[in-house]
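Working notes, structure below.
Protein chains: 2
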Amino acid sequence: MKFDKGLMAGSSSMLVLSLLKKEDMYGYQMIEQLAKRSGDVFEMGEGTLYPILHAMEKSGYVSSYRQAINGRERKYYHLTERGRKQLDAKKEEWKQFSKGVEGVLSGGAYAFA
Amino acid sequence: MKFDKGLMAGSSSMLVLSLLKKEDMYGYQMIEQLAKRSGDVFEMGEGTLYPILHAMEKSGYVSSYRQAINGRERKYYHLTERGRKQLDAKKEEWKQFSKGVEGVLSGGAYAFA
DNA sequence: ACTGATACCTGGAGGACCGAGGTATCGGAA
DNA sequence: TTCCGATACCTCGGTCCTCCAGGTATCAGT
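As given, the protein sequences belong to chains A and B, one line each in that order.
To convert, take the position in the first sequence, counting from 1, and add 621; that gives the working numbering.
To convert, take the position in the second sequence, counting from 1, and add 621; that gives the working numbering.
Next comes the structure, spelled out in structure tokens:
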């Protein structure tokens, strides 16, 4: 399944942070996991992911460390406390946003509690 | 409420099409309606809306006609058959996408039927 | 020795939004 | 009367994000 790339915008970083909540991961692995956990709906390109990771590290949402496995070096990313808070904020934002979309799609009949 | 503008991307045109489903509207009115129907969640700027409308007209999703009310001229937009189909497609895309996001956020536990 | 998978990275093109600015009319207030 | 805010349309430029294509290197299997 392929999406209007626009939909991805604004959600990618949240999705990446979400992946790191349970365990440290390296880039290549994240792409696989994103596809798997979304039911093969998300196919994030490397050219999208790596810049995001670098930006998030600069912002202090994740930290990284290198680890060699069988001579193949992987760069693992770890969710920081600051990143966890950012994830919570993004999730809340997403909830509000998708609620708003439902509201408009349903013709405004949606009741906001 | 203000959002990471990225979230809006990819959904704006769907939201606009959705507004026109029930009745013809003019630009200024759409901005008001979007805010109202979303529970004051969406505040679309004019600089965002007008280019979208022009592009959608060029694509044949909407048609327009001018009508003067009290000397103030309004440009009304009407959803075409082609636009209605596009709306249905976009809605389906949105459903799949938000499902995917939920799947990732919940750690992959989401069951895809 | 070669190829494909793993694993990282960057650069440039293209697309989408937003803020700021511009034009014009109307109604109400000073 | 004059001015200002609301209504109503539009465009331009900056910024941000995604994607494609390309580059590097190691490892496993043929």
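Don't be surprised by glycine CBs; every beta carbon is placed ideally from N, CA and C.
Report the three-state DSSP secondary structure of residue i (helix, strand or coil).
| i | result |
| --- | --- |
| Leu-700 of chain A | strand |
| Ser-684 of chain B | strand |
| Ala-630 of chain A | coil |
| Val-722 of chain A | helix |
| Met-635 of chain A | helix |
| Leu-640 of chain B | helix |
| Asp-709 of chain B | helix |
| Glu-678 of chain A | helix |
| Met-651 of chain B | helix |
| Glu-664 of chain B | coil |
| Leu-670 of chain A | helix |
What are the residues that DSSP puts in a beta bridge with residue i?
| i | result |
| --- | --- |
| Ala-689 of chain B | B:Glu-694 |
| Met-646 of chain A | A:Tyr-698 |
Contact check, residue i vs residue j under 8 Å by CB: the rounded distance?
| i | j | result |
| --- | --- | --- |
| Met-651 of chain A | Leu-640 of chain A | 5 Å |
| Tyr-647 of chain B | Lys-716 of chain B | Between Lys-716 of chain B and Tyr-647 of chain B the Cβ distance is about 29 Å, and since that is not below 8 Å, they are no contact. |
| Ile-660 of chain B | Lys-643 of chain A | Sequence check: residue 660 of chain B is Gly here, not Ile. Not confirmed; about 33 Å, so no contact. |
| Phe-718 of chain B | Phe-624 of chain A | 6 Å |
Out of the options, point me to the one whose CA is closest to residue i's CA.
| i | options | result |
| --- | --- | --- |
| Glu-664 of chain B | B:Tyr-649, B:Thr-701, B:Leu-700 | B:Tyr-649 |
| Ala-704 of chain A | A:Gly-692, A:Glu-653, A:Leu-655, A:Gly-681 | The sequence shown places Gly at residue 704 of chain A, not Ala. Ranking A:Gly-692, A:Glu-653, A:Leu-655, A:Gly-681 by Cα distance to Gly-704 of chain A puts A:Gly-681 first. |
| Ala-656 of chain B | B:Pro-672, B:Asp-645, B:Leu-636, B:Ile-673 | B:Leu-636 |
| Leu-670 of chain A | A:Met-629, A:Glu-723, A:Val-662 | A:Met-629 |
| Glu-714 of chain A | B:Ala-676, B:Val-722, B:Lys-643, B:Glu-702 | B:Val-722 |
| Lys-720 of chain A | B:Tyr-647, B:Val-662, B:Asp-645 | B:Val-662 |
| Gly-724 of chain B | A:His-675, A:Ala-710, A:Gln-654 | A:Gln-654 |
| Pro-672 of chain A | A:Leu-708, A:Ser-634, A:Gly-660 | A:Ser-634 |
| Leu-812 of chain A | B:Arg-695, B:Glu-694, B:Leu-726, B:Gln-707 | Shown here, chain A extends from 622 to 734; a query on residue 812 of chain A therefore has no answer. |
| Thr-701 of chain B | B:Ile-690, B:Ser-659, B:Ala-689, B:Leu-674 | B:Leu-674 |
| Lys-706 of chain A | A:Val-683, A:Phe-718, A:Gly-728 | A:Val-683 |
Let me know if residue i comes out buried or exposed under the rule of 16 or more other beta-carbons within 10 Å of its beta-carbon.
| i | result |
| --- | --- |
| Tyr-698 of chain A | buried |
| Arg-687 of chain B | exposed |
| Gly-692 of chain A | exposed |
| Ser-632 of chain B | buried |
| Lys-679 of chain B | exposed |
| Gly-711 of chain A | First, the residue type needs correcting, since residue 711 of chain A is Lys and not Gly in the sequence shown. Per the 10 Å Cβ criterion, buried. |
| Ala-732 of chain B | Caution applies to Ala-732 of chain B, whose pLDDT of 46 falls short of 50 and renders its modelled position unreliable; the value that the coordinates give is listed next. Ala-732 of chain B is exposed by the Cβ-count criterion. |
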